[in-house]
Each structure stands twice: as C-alpha cells, then as structure tokens.
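One structure below.
Right, here's the structure in full:
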C-alpha cells in the first residue's frame, strides 16, 4: 500500500463519518431549537445545549483541520476546553441528583410512621387522662374520708361538749342544791 492508497482510505472513512454526522444533524435540526427544548426537563436541556455546543465546536475544529489551519493555538481549542468543563460539571450534577434521588422520602412509609406516632401519642394521652382521672378520684376519696373523719371528730367534740354541759349542769344543780341546803341550815340555825 502506498501513500495514495492510505490517503484514499482516510478520505473514504472521513466521507462515511461525514455522512453519519449529516444524518444525526438532520435529525437534530428536523425540529426548531425551541420545540426540542420545550419537551425536555432542565437536566436534559442542559445536556442538549452542551451537546450542541460540542457538535458545533467539533465541526469547526474538523473544518479548520481539513483546511490546513493550525489548531494548537486557535481559539477553538479554548472553546472545546470550556465545553468539556461544562460537560464535567453536568456529570457531577447528575451524580449529585442521583444520590439525592436515593434519599427520596417514601411517602407511604413516612405516613405510616406519622400515623403510628400519632396513635402512640393518642394512646399516651389516653393513659395520661386515665392517670389524671385516677388521681382525681383518689383525691376525692381522700377528701371524703377526711370529711368523715372531721365529722366524727366534730361529733366526738359535740358529745364531749354535751357531756361537759351535762356535768356542768349537774355540778350547778348540786351546787345550787348545796347552796339551798346551806341556806336552809343557816335559817334553821337562826
């Protein structure tokens, strides 16, 4: 194989690849830019924009190369590097989004946990209410017992008072009777 045969192979390969690129570009440009973006979510819009920038920059790079322009210090290299950085940033963002999606809340499980907590809270409230009622009943019973004890004490005091009054009355009667007897004796002596 001589140089011309190698060159012919490269040109044929380039021609086939250009046909592939043309087919892809026809699909991409079959709809307007706005129409294509309107159906995409934000992440896919970013991918689409980066891909379009990369395609345009790469085609310009190939055009420059095929026309013999030195691309090493050409601004297209900075532009390709800039697009590459955006692509890397987008990949990192996708990874972070995927990681966040792993920690997405399972609404059903969260609902069950909340209901369980509320039911436990309700049960605890009921237990607390029962305990309060029991304490209140015990307090009422204690008060009733205290009142009974007080009434019994009052009754005893009243009985003691009645007994004292009775004794006092007896003592007064006896004293009056003794006094009357003494008066009678004094009169009799006179």
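Residue numbers (this note's numbering): 37 to 226.
Ideal placement from N, C-alpha and C gives every residue a C-beta, glycine not left out.
Secondary structure of residue i, DSSP reduced to three states
i	result
residue 201	helix
residue 63	helix
residue 153	helix
residue 52	helix
residue 105	coil
residue 75	coil
residue 38	coil
residue 68	coil
Any chain B beta carbon closer than 8 Å to residue i
i	result
residue 75	No chain B is present in this structure, which holds just one protein chain.
Supposed close pair residue i, residue j - CB separation, criterion 8 Å
i	j	result
residue 72	residue 84	7 Å
residue 112	residue 96	6 Å
residue 110	residue 126	With a Cβ gap of about 25 Å, residue 110 and residue 126 do not count as contacting.
residue 90	residue 119	5 Å
residue 130	residue 88	Contact doesn't hold; Cβ gap of about 18 Å is too wide.
For residue i, the first and last residue of its enclosing alpha helix (DSSP H)
i	result
residue 93	78-102
Proximal residues to residue i (C-beta, below 7 Å), its chain only, five neighbours per side dropped
i	result
residue 115	93
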